[in-house]
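Here is the structure we will look at, set down as structure tokens.
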Amino acid sequence: MRALLLLALAALPFASPAAELKTPDDANRIETYRTVDGYELRLWIYEPEGHRPGDKTPAVVFFFGGGWNNGSPTQFATHAKYLASRGMVAMTADYRVNSRQGVEAKECVVDAKAAMRWIRSHSAQLGIDPKRLAAGGGSAGGHLAAALATLPDHDADDADRSISVVPNALALFNPAVLLAPAPGFEALEKRRAELEGRMGASVESMSPYHHIKKGLPPTIIFHGKEDITVPYASVEAFCDKAREVGSRCELVGYEDAAHGFFNYGRGDNSNYADTLRRTDAFFASLGWLHGAPTLAAPTE
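Going by this note's numbering, the first residue of the sequence shown is number 12, and it counts up by one from there.
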């Protein structure tokens, strides 16, 4: 079963037509973190009420999903707005994708690392605590967040490597975290050439699972048990390996849930609400938020 399911991982879309970039319209501020090939990569930033530069507020940056091919920073805008209401600075990032800029997936990692370095180097201006900076994302965006915590390669040529890209916590939503053959996932070898063509790099160098080591930040993963795009077994393996090296990795599985189940606007929003409340509780467990979640609990 794992062999059959993991073949579906290669089906993450990478050849659909280019879509116009949709952007949030209610952020408190917008900052450009990188300009590459004339394209400005921006952060949409949501701030708590009364927030000021110089504050030491916990923060999170989200990366959208879309198979490294498309997607929009609007995907996590509602998550960011809610977490800002709870006391965090929450950001949603743009990054280059295949359909708009013609890049391979390794360049998505380059951009994610650039975003994290820009945020940390501008922490005083942003009013955030650089030692309480989380990363999150869904699907390919979850891969990017996990990549920040694990992958040693794929930096921009001009990157200041003295600034860490490793987040202090991870909140991942059906993330693609296992991209290369591993015990129980040998079937991925059959798709190596195809995947490496999309990645622009070896699959091992792009696979967070293969680079887990002691010090992996506290992690929570939300995943549908009926996901045939990024199989549930792959995140089980990720969490198992994380725990083996002594890291906290919580896996919350959702029965009968498919890929993208957590998104705002999916169904009656019950899974959106549940995953966001649990994200809130996760950050509270780290001491970053206080009090109970203010988002209404899903109705049974």
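All C-beta atoms, glycine included, are put in the ideal place defined by N, C-alpha and C. These figures come from a predicted structure and were not determined experimentally.
Should Phe184 and Gly149 be called a contact, given that it needs their Cβ atoms to be closer than 7 Å?
yes
Once DSSP output is grouped into helix, strand and coil, what is the label at Phe294?
helix
In terms of residue numbering, what span does the alpha helix (DSSP H) encompassing Ala170 cover?
No alpha helix (DSSP H) contains Ala170, which DSSP labels as neither H nor E.
Less than 7 Å between the beta carbons of Pro178 and Leu155, yes or no?
no
Taking the alpha helix (DSSP H) that Val100 belongs to, which residues open and close that run?
Run containing Val100: none in the alpha helix (DSSP H); it sits in the beta strand (DSSP E), Val100 to Ala104.
Count the CB pairs spanning the segment 157-175 and the segment 76-91 that are closer than 8 Å, and state whether there are at least three.
no
Taking the alpha-carbon positions, what's the Asn39 to Val121 distance?
26 Å
On a CA-only basis, which of Thr103, Asn80, Val47 and Met99 is nearest Pro35? Give me that one, please.
Thr103
If I'm right that Ala191 touches Leu181 with Cβ under 8 Å, what's the distance once you round it to whole angstroms?
Contact doesn't hold; Cβ gap of about 20 Å is too wide.
If you count every other CB in all the chains shown that lies within 10 Å of the CB of Glu118, and 16 or more means buried, which is it?
buried
Which parts of the segment 47-116 are runs of the alpha helix (DSSP H), unbroken and 4 residues or longer, counting only runs that do not cross its ends?
88-96 and 109-112
Buried or exposed, going by whether 16 or more other CB atoms sit within 10 Å of the CB of Thr286?
buried
Taking the beta strand (DSSP E) that Arg143 falls in, what are its first and last residues?
Ile139 to Gly149
Residue range of the alpha helix (DSSP H) that includes Ala204
Arg203 to Met210
Since I believe Tyr220 is in contact with Ala248 (beta carbons under 8 Å), could you give me their beta-carbon distance rounded to a whole number of angstroms?
6 Å
Would Gly138 be called buried (16 or more neighbouring beta carbons within 10 Å of its own) or exposed?
buried
With H, G and I counted as helix, E and B as strand and the rest as coil, what does DSSP make of His234?
strand
If you draw a straight line from the alpha carbon of Val263 to that of Phe293, how long is it in whole angstroms?
12 Å
Do Asp140 and Lys67 count as a contact pair if the criterion is CB distance below 7 Å?
yes
Proximity below 7 Å, CB of Pro59 to CB of Gly113
no
Let me check one thing: in DSSP terms, what residues is Arg277 bridge-paired to?
For Arg277, which the question treats as bridged, DSSP gives no partner whatsoever.
What residues in its chain sit with their C-beta under 6 Å from that of Ser134, if we drop five residues either side in the sequence?
Pro141
Between which two residues does the alpha helix (DSSP H) carrying Val214 extend?
Val214 to Met217
Candidates Glu197, Pro229 and Pro228, of which the one nearest Val214 by Cα:
Glu197
Looking at the unbroken alpha helix (DSSP H) that takes in Tyr243, where does it start and where does it end?
Tyr243 to Glu255
Should Ala204 go down as buried or exposed, given a rule of 16 or more other Cβ atoms within 10 Å for buried?
exposed
What are the partner residues of Arg45, as DSSP defines its beta bridges?
Leu52
For Ala253 and Leu227, believed in contact at Cβ under 8 Å, the rounded distance
5 Å
Starting from Val263, trace the beta strand (DSSP E) in both directions and tell me its first and last residue.
Cys260 to Tyr265
Let's test the definition: count the other Cβ atoms within 10 Å of the Cβ of Asp168 and tell me whether it reaches 16, buried, or not, exposed.
exposed
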